[in-house]
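Peer 1:
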Amino acid sequence: MSDNSGLATARDEALEVRKFYEIVEERFNGKTWSLHELMIGFSNDVGYIGRLLLAHDGTWNIDGDADAELKHKLAETLWWVFVLADKLEIDIDEAFTDTMKSIRAGLDSTIARTAPAEQ
2 MSDNSGLATA RDEALEVRKF YEIVEERFNG KTWSLHELMI GFSNDVGYIG
52 RLLLAHDGTW NIDGDADAEL KHKLAETLWW VFVLADKLEI DIDEAFTDTM
102 KSIRAGLDST IARTAPAEQ
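First residue of the sequence shown: 2, per our numbering; consecutive thereafter.
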């Protein structure tokens, strides 16, 4: 695990909330959601974020406060990422840190390689 204490705290809280969902799923469905069902939930929320962005820009009408709903869905989508990573046994803290390092290195290289010539 990396030194991402904020990310780790958010992950831990997300997984605690997931435990409550599992209790409800067991009571109503007799089982917890499968990986595929979790992915469908995640995909649905990501798709809805697209509509909320349109509402935020004023090109799609929704009932209620688009900005409040956008904040909620973005946070919920982060929750889904933590849940899916846990289900797949991926250390998301480490994966995030490693991915950001890799992206940063690639961007640093591109920026250095494409620097405008001094005049």
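Glycine included, C-beta positions come from ideal geometry on N, C-alpha and C.
Ordered along the chain, which non-local residues of its own chain (more than five positions away) have a Cβ less than 7 angstroms from that of valine 47?
Peer 2: Answer for valine 47: Thr78, listed in chain order.
Peer 1: Whole angstroms is fine: what's the gap from serine 103's alpha carbon to alanine 113's?
Peer 2: Between serine 103 and alanine 113, the C-alpha separation is close to 15 angstroms.
Peer 1: Where in the region 35–102 do unbroken runs of the alpha helix (DSSP H), each at least 4 residues long, occur, reported from the N-terminal end onward?
Peer 2: Correct list: 36–58 and 67–88.
Peer 1: Closest by CA to histidine 37, which one among Tyr49, Thr115, Ala118 and Leu85?
Peer 2: Comparing Cα-Cα distances from histidine 37 to each of Tyr49, Thr115, Ala118 and Leu85, the minimum goes to Leu85.
Peer 1: Should aspartate 94 go down as buried or exposed, given a rule of 16 or more other Cβ atoms within 10 Å for buried?
Peer 2: The residue in question, aspartate 94, is buried, as its Cβ has 16 or more Cβ neighbours within 10 Å.
Peer 1: Since leucine 39 and lysine 88 should fall inside the 8 angstroms C-beta cutoff, what is the C-beta to C-beta distance between them, to a whole number of angstroms?
Peer 2: Contact flag correct, Cβ pair sits at about 6 angstroms.
Peer 1: Count the other CB atoms, across all protein chains shown, that sit within 10 Å of the CB of leucine 108; report buried if there are 16 or more and exposed otherwise.
Peer 2: Exposed, because fewer than 16 other Cβ atoms sit within 10 Å of the Cβ of leucine 108.
Peer 1: Tell me the residue span of the alpha helix (DSSP H) that contains threonine 10.
Peer 2: 6–30 is the span of the alpha helix (DSSP H), which, as asked, contains threonine 10.
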